[in-house]
Amino acid sequence: MVKTLFGSSFQLPGFATNAAERTARAALDEWFAALQARDAQRVTDLYAPDALLLATFASEPLTSPKEVLAYFERLVANEGLRAELDQIRFYGDANVSVASGLYTFRFIQDGKPISIPARFTLTFERKGGRWLITSHHSSVQPSPL
950 MVKTLFGSSF QLPGFATNAA ERTARAALDE WFAALQARDA QRVTDLYAPD ALLLATFASE
1010 PLTSPKEVLA YFERLVANEG LRAELDQIRF YGDANVSVAS GLYTFRFIQD GKPISIPARF
1070 TLTFERKGGR WLITSHHSSV QPSPL
């Protein structure tokens, strides 16, 4: 059992078994920290300029830094916003790493606490010495059949 920076726990199969996973994990932690700080520009800066974001709360694909920034500006405007990591798995090599799992968005809306479980896949690529998000899919977790 591993604790994130924000106190949530999750199981990592083969916890950070190689340098690529550890680096991608650090990049994912950076994403969570930027979101938790409600800093839309800092979150956006973690995406490659040509990244694709299929966002949890957007109906259209976001394909430019301007669109990504506008999305995160709307998201971080939610009172008390936080994201909690529930489960995660990493796959990858020295240049590309994929993180897939479950997280929960929590915020206050109209004075009431909202909790939205979602699933995600982020692809990180090493570009210019940095790990950047090149693809991010996130969707509300469906109800079981």
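Quick note on the numbering used here: the sequence shown kicks off at 950 and runs consecutively. Glycine is no exception: its CB is placed at the ideal position from the N, C-alpha and C atoms. If you're wondering where the values come from, they're calculated on a predicted model, not measured in any experiment.
Start and end residues, beta strand (DSSP E) containing residue i
i	result
PRO1066	1061-1076
PHE1054	1045-1058
LEU1018	Where LEU1018 is concerned, there is no enclosing beta strand (DSSP E), although the alpha helix (DSSP H) it sits in stretches over 1014-1025.
Contact check, residue i vs residue j, beta carbons under 8 Å
i	j	result
ALA1048	LEU977	yes
GLU1022	ILE1057	no
GLN1090	ARG1075	no
PRO1066	THR1053	yes
THR993	PRO1014	yes
Integer Cβ distance of residue i from residue j, believed to fall under 8 Å
i	j	result
GLN1036	LEU1051	5 Å
SER1046	GLU970	6 Å
ARG991	LEU1030	Not confirmed; about 14 Å, so no contact.
Where the alpha helix (DSSP H) containing residue i begins and where it ends
i	result
ALA989	989-993
Residue i Cβ short of 7 Å to the ligand FAD heavy atom set
i	result
SER1087	In terms of ligand content, the structure shown is empty, and the ligand FAD therefore cannot be addressed.
Those residues which DSSP pairs with residue i across a bridge
i	result
TRP1080	ARG1075
Q. Do the region 998-1009 and the region 1029-1045 touch if we need at least three Cβ pairs shorter than 8 Å?
A. Three or more Cβ pairs closer than 8 Å define a contact, and the region 998-1009 falls short of that threshold against the region 1029-1045.
Q. Pairing CB atoms from the region 1076-1091 with CB atoms from the region 979-999, are three or more of them under 8 Å?
A. The count of Cβ pairs closer than 8 Å, one atom from the region 1076-1091 and one from the region 979-999, reaches three, so the stretches are in contact.
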